[in-house]
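For reference, the structure discussed in these notes is given below.
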Amino acid sequence: MSILVRPARTVLISSIVLTLALPAAAKTPVATGTGGAVATISEPASQAAIAILNKGGNAVDAAVAAAATLGVTDPFSCGIGGGGFMVIYLAKDKRVVTIDHRETAPASFTPSVFLKDGKEMDFDTVVASGRSVGVPGTVRGWHEALDRYGSMSFKQVLAPAIDVASKGFKVNDNFNHLVQENEAKFAQFPATAALYLRNGKAIPAGSTLRNPDLAKAYRALAAGGAKAFYSGPMARAMVDAVNANSGSMTLADLANYEARLRQPVHSTYRGYDLYGMPLPSSGGVAVAEALNILEGYDLKSLPRAKAEHLYLEASRLAFADRNAYLADPEFVDAPVAGLLNKDYAARRRELINPEQASAHAPAGDPYPFQNDVSVPLRPNANKLIAEGAHTTHLTVSDKDGNIVSYTYTIESWGGSGIVVPGYGFLLNNEMTDFDFSGPAPNVPEAGKRPRSSMSPTIAFKNGKPAFSIGSPGGATIITTVLQTIFNYVDLGMSMPDAVNAPRLSERNGMETDVEPGFIGSTQAQALEKTGQHWSKKPEEIGAANALVFNPDGTVTAVSEGHRHGVGSALVQKSAH
Ligand code: GLU
2 MSILVRPART VLISSIVLTL ALPAAAKTPV ATGTGGAVAT ISEPASQAAI AILNKGGNAV
62 DAAVAAAATL GVTDPFSCGI GGGGFMVIYL AKDKRVVTID HRETAPASFT PSVFLKDGKE
122 MDFDTVVASG RSVGVPGTVR GWHEALDRYG SMSFKQVLAP AIDVASKGFK VNDNFNHLVQ
182 ENEAKFAQFP ATAALYLRNG KAIPAGSTLR NPDLAKAYRA LAAGGAKAFY SGPMARAMVD
242 AVNANSGSMT LADLANYEAR LRQPVHSTYR GYDLYGMPLP SSGGVAVAEA LNILEGYDLK
302 SLPRAKAEHL YLEASRLAFA DRNAYLADPE FVDAPVAGLL NKDYAARRRE LINPEQASAH
362 APAGDPYPFQ NDVSVPLRPN ANKLIAEGAH TTHLTVSDKD GNIVSYTYTI ESWGGSGIVV
422 PGYGFLLNNE MTDFDFSGPA PNVPEAGKRP RSSMSPTIAF KNGKPAFSIG SPGGATIITT
482 VLQTIFNYVD LGMSMPDAVN APRLSERNGM ETDVEPGFIG STQAQALEKT GQHWSKKPEE
542 IGAANALVFN PDGTVTAVSE GHRHGVGSAL VQKSAH
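Number 327 in this note's numbering belongs to position 326 of the sequence shown; there are no gaps in the numbering.
As structure tokens, this is what we get:
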């Protein structure tokens, strides 16, 4: 691992030469044009997607190329040591498919894996250990995506990422800040410290960081496919790294890992058809339930503060249900049909006082709305669990109209903190998305996938693509996606304004999370009139990426205009 400072670089991808942005060049968070489009939080990742599209790859090929590059430039949010959820629109078939490649609990897991002497273990101690590491799903997910819906090989789509990992990329302030925040965690693991720390301190912004070990891991995938990850020396290295740090994973856990193709969650909202991620992500169901509740109001006729009050209350109610009922569908019979039922939403809506914020919402009873005459067992409602705010979301479309909306993660910033020695990638801590104790639907079990909040979404109007949206941010993912849709559809904002507006995240807690600068604003004061109140620790929420399919046939890619160091939106052919 070496750090060199270089001003700019040129990346050679087979016959294509593309110049990565100079450090001083402004990223473009909004771009409109024709052909394919991409929005990610990383300039090299967006460039990788465009390079693949220019080579004739489709949106799936380009999405994997961008994701692999994000694994290099944003390694604390995502990578091959983690997992994710991909929603794909196949234009020719007019069909939406999803690929669940969520990390899975090793066979050693039991509901008491996070208990010691009957008490829950310390959360942060579990995070920074092999115990939090789930069997990674990313590589199997990419394999399924490319094999079924792509047109290129691993070798072709990994080429841009291999180049960035070998030649290096510029460490920005955000990257440096994330390492600083994780110095103590990273210092515990020698391979991690060697990669990201210098004398125990974060590598400075402005340095060029190379990751030849990760380039080697990607080359192994390029040559051997998913098998090179789930068996052989790389698998052995992962198992050893987990087990040397209090975990218990076997080669069989890796060899047995499968991605799942699942039916998307389909819902409707004011003339839009929305397709989102089903369980084990709670994202699609929670967003749909909250929108179903909101649909009963004429939001456009209301002053903004009144409408936003209703947005917060609808989110609170949806979260009460999400926390009580949702978990891995292969283990728990969650009442999804009831939760998505419009009449059920009407029942939930009755609990909202348009003039007054409620304190804490109880879970509702969706079972009578299940169209199921049996008397099912009711699970014990569980509590709100600690969840971080990390991950990455990217979205790509191609000239043929295919669309990918993809959120993927290693859970906390820097995941478990364990870099796999010799392979340069961080292992996830996704298992801490389970409840640490039960009874609750989302307790840990062997082979189970922890409940997620990831909400990659694609929306259609009159059978045609309208927009795609998604974000990182733990459980705030759901509110960021929900609020962006609400801003766009109900408040009539443009997509860039909808993305850049201050985010308010109500997840049925005692107070609503807000971002720095919000408290004291006119908007905050207007909402306080209905009794809404705010967390005293404002933090940036999410990092959304969206595409809008315009009526004139152009596409607008939209990334963050100010959060997370500004995102990168690119189109194949610019419209101006
Ligand atoms: N682990 C989270 C989830 O699956 C995502 C991580 C994050 O964004 O903080 O919902």
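Just so it is clear, CB atoms sit at the ideal spot from N, CA and C, and this is done for glycine as well. Remember, it's a predicted structure, so these values are computed and weren't measured experimentally.
Validate contact between the region 292-309 and the region 127-140 using beta carbons, cut 8 Å, 3 pairs: no
For Arg379, which option in Ala364, Gly272, Glu259 and Gly566 has the closest C-alpha, if you only look at C-alpha atoms? Ala364
Nearer than 7 Å: is that true of the beta carbon of Pro473 relative to any heavy atom of ligand 1? yes
According to DSSP, is Asn546 part of a helix, a strand, or is it coil? strand
Compare the beta carbon distance of Gln181 and Ala203 with 8 Å and say whether it is the shorter of the two. yes
Between the region 545-552 and the region 40-57, do three or more beta carbon pairs fall short of 8 Å? yes
Curious, which full-length beta strand (DSSP E) runs of at least 3 residues does the region 200-280 contain? 261-263, 266-270 and 273-277
Secondary structure at Pro363, three-state DSSP: helix, strand or coil? coil
Can you tell which of Tyr424, Arg450, Val420 and Pro422 has the C-alpha that lies nearest to the C-alpha of Thr433? Arg450
Bridge partner(s) assigned by DSSP for Asp399: In DSSP, Asp399 forms no bridge with anything.
In terms of residues, what are the limits of the alpha helix (DSSP H) holding Phe1? Any answer about residue 1 is impossible in this case: the structure gives the chain only from 2 up to 577.
So, is Met511 buried or exposed, given that buried needs 16 or more other C-beta atoms within 10 angstroms? exposed
Residue environment, Ser78, which counts as buried when at least 16 other CB atoms sit within 10 Å: buried
Where Pro466 falls: helix, strand or coil (DSSP): strand
Just curious, the beta strand (DSSP E) that Asp174 is in, first and last residue? Per DSSP, Asp174 belongs to no beta strand (DSSP E); it is in the alpha helix (DSSP H), Asp174 to Glu182.
Is there at least one non-hydrogen atom of ligand 1 closer than 7 Å to the beta-carbon of Asp434? yes
According to DSSP, Trp535 sits in a beta bridge with which residue or residues? Thr513
Skipping 5 residues on each side, what residues in its chain have a beta carbon closer than 6 Å to that of Leu179? Phe77 and Trp414
What are the start and end residues of the alpha helix (DSSP H) that includes Lys307? Arg305 to Tyr326
Measure the CB-CB distance between Pro466 and Gly402 and report whether it falls below 8 Å. yes
Three-state secondary structure (DSSP) of Ile478: helix
Nearest to Pro281 by CA position, among His310, Leu327, Asp254 and Ala570, is which residue? Leu327
Specify the secondary structure class of Glu431 as computed by DSSP and reduced to three states. helix
Sorry if obvious, but does the Cβ on Ser152 come closer than 7 Å to a heavy atom of ligand 1? no
Proximity test, Met455 beta-carbon vs ligand 1 heavy atom, cut-off 7 Å: yes
Which residue's Cα is closest to the Cα of Ile486: Phe332, His310, Phe468 and Leu116? Phe468
On the three-state DSSP scale, how would you describe Ser3? Only weak support exists for where Ser3 lies, its pLDDT of 29 falling under 50; the value from the coordinates is given anyway. Three-state DSSP puts Ser3 in coil, outside helix and strand.
Ignore the nearest five residues each way along the sequence and tell me which others in Ile17's own chain have a CB closer than 7 Å to its CB. Confidence at Ile17 is low in this model, with a pLDDT of 31, below 50, so its placement is unreliable and the value that follows should be read with caution. Here the set comprises Ala52, Asn55 and Lys56.
Does the region 332-349 touch the region 300-313, meaning 3 or more C-beta pairs lie closer than 8 Å? no
Rounded to whole angstroms, what is the Cα-Cα separation between Leu275 and Thr99? 13 Å
Sorted by chain position, which residues of the same chain lie with C-beta nearer than 8 Å to Ser522's C-beta, five sequence neighbours on each side aside? Pro503
Do three or more CB pairs link the region 108-116 to the region 147-157 at distances below 8 Å? no
Quick check: the region 441-457 against the region 100-107, are there 3 or more CB pairs under 8 Å? yes
Could you compute how far the alpha carbon of Lys574 sits from the alpha carbon of Thr35? 5 Å
Given a cut-off of 8 Å, decide if Gly297 and Ala218 are closer than it, judged by their beta-carbon atoms. no
Check this for me: beta carbons of Ala362 and Ala315, under 8 Å apart or not? no
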